[in-house]
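Input: a single structure, listed below in structure tokens.
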Amino acid sequence: MRLTIALAQIATMLGNVDANLEKHLALAQEARAAGADLLIFPELSLTGYALQDLAPVVARQPDKQDACFRQLLEASTGLDIVVGFVEEDRRHRFYIAAAYLSGGEVAHVHHKVYLPTYGLFDEGRFFAWGDSVRAFDTRFGRAGMLICEDFWHASPPYLLWLDGADLFLFSSASPGRGLRNEPQLESARWVEHINRAYASLFTAFVAHSNRVGYEDGLNFWGGSTVFDPNGELLVKAPYHQEALTLAEIDLNQMHRTRARLPLLRDERTALVMRELRRILEGPDRGVR
Amino acid sequence: MINLEIDTDLARKILTGFLHSEISRAGYAHAVVGVSGGVDSAVSCYLAAEALGPENVLAVMMPYKTSSQESLEHARMVIDALGVNAILVPITEMVEPLFQRFPEADQIRRGNAMARVRMIILYDQSEAFKGLVVGTGNKTEILLGYTTLYGDSACALNPLGDLYKTQVRQLARAIGIPEVILHKPPTADLWKGQTDEGELGFTYAKVDQLLFLLVDQRYTPEECVEAGFAREFVETVVERVRRNQFKRLLPPIAKLSNRTVGYDFLYLRDWGT
Numbered sequence: 001m002r003l004t005i006a007l008a009q010i011a012t013m014l015g016n017v018d019a020n021l022e023k024h025l026a027l028a029q030e031a032r033a034a035g036a037d038l039l040i041f042p043e044l045s046l047t048g049y050a051l052q053d054l055a056p057v058v059a060r061q062p063d064k065q066d067a068c069f070r071q072l073l074e075a076s077t078g079l080d081i082v083v084g085f086v087e088e089d090r091r092h093r094f095y096i097a098a099a100y101l102s103g104g105e106v107a108h109v110h111h112k113v114y115l116p117t118y119g120l121f122d123e124g125r126f127f128a129w130g131d132s133v134r135a136f137d138t139r140f141g142r143a144g145m146l147i148c149e150d151f152w153h154a155s156p157p158y159l160l161w162l163d164g165a166d167l168f169l170f171s172s173a174s175p176g177r178g179l180r181n182e183p184q185l186e187s188a189r190w191v192e193h194i195n196r197a198y199a200s201l202f203t204a205f206v207a208h209s210n211r212v213g214y215e216d217g218l219n220f221w222g223g224s225t226v227f228d229p230n231g232e233l234l235v236k237a238p239y240h241q242e243a244l245t246l247a248e249i250d251l252n253q254m255h256r257t258r259a260r261l262p263l264l265r266d267e268r269t270a271l272v273m274r275e276l277r278r279i280l281e282g283p284d285r286g287v288r
Numbered sequence: 289m290i291n292l293e294i295d296t297d298l299a300r301k302i303l304t305g306f307l308h309s310e311i312s313r314a315g316y317a318h319a320v321v322g323v324s325g326g327v328d329s330a331v332s333c334y335l336a337a338e339a340l341g342p343e344n345v346l347a348v349m350m351p352y353k354t355s356s357q358e359s360l361e362h363a364r365m366v367i368d369a370l371g372v373n374a375i376l377v378p379i380t381e382m383v384e385p386l387f388q389r390f391p392e393a394d395q396i397r398r399g400n401a402m403a404r405v406r407m408i409i410l411y412d413q414s415e416a417f418k419g420l421v422v423g424t425g426n427k428t429e430i431l432l433g434y435t436t437l438y439g440d441s442a443c444a445l446n447p448l449g450d451l452y453k454t455q456v457r458q459l460a461r462a463i464g465i466p467e468v469i470l471h472k473p474p475t476a477d478l479w480k481g482q483t484d485e486g487e488l489g490f491t492y493a494k495v496d497q498l499l500f501l502l503v504d505q506r507y508t509p510e511e512c513v514e515a516g517f518a519r520e521f522v523e524t525v526v527e528r529v530r531r532n533q534f535k536r537l538l539p540p541i542a543k544l545s546n547r548t549v550g551y552d553f554l555y556l557r558d559w560g561t
């Protein structure tokens, strides 16, 4: 089975959901016309990234009662869409969220689990952390979504893998940093390394949609990628400019790769569980 | 390892994108740059011209009567090479009345007044030319506080503030700033014979390496000494960076209410755009 993934590497307007929505709908049309089956937008694609006190203002619930999501859900009858937004739950907690929309329905919502609150980041000040990592079924097989810092940690992709995900759908709003005497920023190098590593370690497809543009002095570097189950780079969007980048993937590649390299078959999950329990329930409680 | 070298193509791409994005989101299409004939303002002017088109950039030359003729010639060299708009606004007749009123004013006071008069001219041209003032301060001088508050540090946005002086020079070389500008000793040109390195008491090459360890690599002062820097030099620089923090922040507002600008009223400049 073949699947065409489109990575919508966009710049957003900070706190202007209407303007960002318009761009989403235009790109959904364009991607569909180009033959895409699944369109992935970056982290907080509807709102912009450094929201600070705008977070509660732009927050919404991803359902048909919301004017913005109503239009996105309509668009999802043409192709599946991953969109980034701020979710306000029924008890008014605010999450950095990604929703998977398909056939006019919300198939899954992921709340960002790891909120970086160090260095230039201040997410934990403004947002509640998500508390689950779950794979979910799509018409292309089982998938998992993670948002930026979530996949800087090794455990969320691993959990998704064990939960059956073969398609890793990652989104970021990654501020560029670490200018050196290399044609790519340190932040870009790091993310490309780990995404290639996840594709290789999990013999799965890893698609990453990262935003571009600026917010005050922050630049967002783009460079969205798709890696295949052999860890090969299939496509890479340009750095620092908007792009709609398509990759046709052959899902049967997993059959071939896993016949050669049965890492999933041989994964000793019971051992992991046993050792994790020993480590976490031992006298040191995992703090060594 | 101390390696201050940068990929100048990448820096240029990010910085021109930054200028274009942030100036247009503020609702402007033009930029105003004070061009002194030195390397920093030359680079800022080049980047602004590349980001917005030379026809949308106004270079302002603001010599004082003791400013060197060479500085003005170098400023004109940059302006001619880029084809940006330019005006010459000598500051002598603006600052002289103040100096006559306070004839005892020392070089520091005079230098500060000159820098602030230049700020007045740039911000006046900002309104006249409908352009934002693009800053020229680099990371070295910002960290050392080697700048006049509300003077040369005043700007709407700054493309060079995260590049050490050594790195600005590298970028300048890559974008084709004339050699003669690259190779002359940096100076604020506030009085005859003044040079940055003479006044600071150390070279940019040396202090940039130390700042890179202290700031970027998070070395402790003790680790910098172990890495080979003289203890007295390290202590001088560390103290200078600390003492000048006030120049890097907006004035503190005394908090009284539940929501106070600067503490818990938090929005980027790009709010809504």
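Residue numbers (the working numbering), protein chains in the order written: chain A, 1 to 288; chain B, 289 to 561. From the three backbone atoms N, C-alpha and C, an ideal C-beta is built for every residue, glycine too.
- Note on geometry: alpha-carbon atoms of residue 262 of chain A and residue 274 of chain A lie some 22 Å from one another.
- When beta bridges are read from the DSSP output, residue 105 of chain A appears opposite A:102.
- DSSP lists A:88 as the beta-bridge partner residues of residue 94 of chain A.
- Interface annotation, residue 291 of chain B: in contact with chain A, CB-CB separation under 8 Å.
- Residues of the region 205 to 223 of chain A that bring their beta carbon within less than 8 Å of a beta carbon in chain B comprise 213, 214, 215, 216, 217 and 219, in sequence order.
- CA-to-CA, the gap between residue 545 of chain B and residue 320 of chain B works out to about 38 Å.
- In terms of Cβ geometry, residue 4 of chain A and residue 37 of chain A form a close pair [threshold 8 Å].
- The beta carbon of residue 310 of chain B sits closer than 8 Å to some beta carbon of chain A.
- Against chain A, the CB of residue 555 of chain B has a partner CB under 8 Å away; the residue lies at that interface.
- Interface criterion not met: the Cβ of residue 317 of chain B is under 8 Å from no Cβ in chain A.
- For residue 215 of chain A, there is no enclosing alpha helix (DSSP H); the residue is found in the beta strand (DSSP E) stretching over 212 to 215.
- Close to residue 24 of chain A, with beta-carbon spacing below 9 Å, lies no residue of chain B; the smallest spacing is near 18 Å.
- Boundaries cannot be given for residue 64 of chain A, as no alpha helix (DSSP H) includes it and DSSP labels it neither H nor E.
- Not a single CB atom of chain B sits nearer than 8 Å to the CB of residue 116 of chain A.
- About 4 Å separates the beta carbon of residue 554 of chain B from that of residue 52 of chain A, a gap short enough to meet the 8 Å contact definition.
- Residue state for residue 547 of chain B is assigned as coil, using DSSP reduced to three classes.
- In this structure residue 43 of chain A is buried. Its beta-carbon is surrounded by 16 or more other beta-carbon atoms within 10 angstroms.
- In this structure, the alpha-carbon of residue 282 of chain A lies about 29 Å from that of residue 265 of chain A.
- Distance from residue 293 of chain B to residue 458 of chain B at the Cβ level is roughly 7 Å; contact confirmed, criterion being Cβ atoms closer than 8 Å.
- Membership of residue 486 of chain B in the alpha helix (DSSP H) is indicated by the continuous run 484 to 488.
- Close partners of residue 52 of chain A in chain B (Cβ separation under 8 Å): 554, 555 and 556.
- Fully contained in the region 200 to 255 of chain A are the following beta strand (DSSP E) runs of length 3 or more, in chain order: 205 to 210, 212 to 215, 218 to 221, 225 to 227, 233 to 236 and 243 to 250.
- Here residue 16 of chain A carries a coil assignment [DSSP, helix/strand/coil].
- Distances from the CA of residue 269 of chain A to each of A:214, A:226, A:159 and A:187 were compared; the closest alpha carbon is that of A:159.
- Burial is judged here by how many other beta carbons sit within 10 angstroms of a residue's own beta carbon; residue 300 of chain B has at least 16 and is buried.
- Residue range 167 to 172 is occupied by the beta strand (DSSP E) that includes residue 171 of chain A.
- In this structure the region 16 to 30 of chain A does not lie against the region 512 to 524 of chain B, because fewer than three pairs of beta carbons, one per stretch, are closer than 8 Å.
- Contact between the region 356 to 368 of chain B and the region 312 to 329 of chain B is present: 3 or more CB-CB pairs across the two stretches fall below 8 Å.
- In this structure, residue 430 of chain B lies near residue 536 of chain B, with their beta-carbon atoms less than 8 Å apart.
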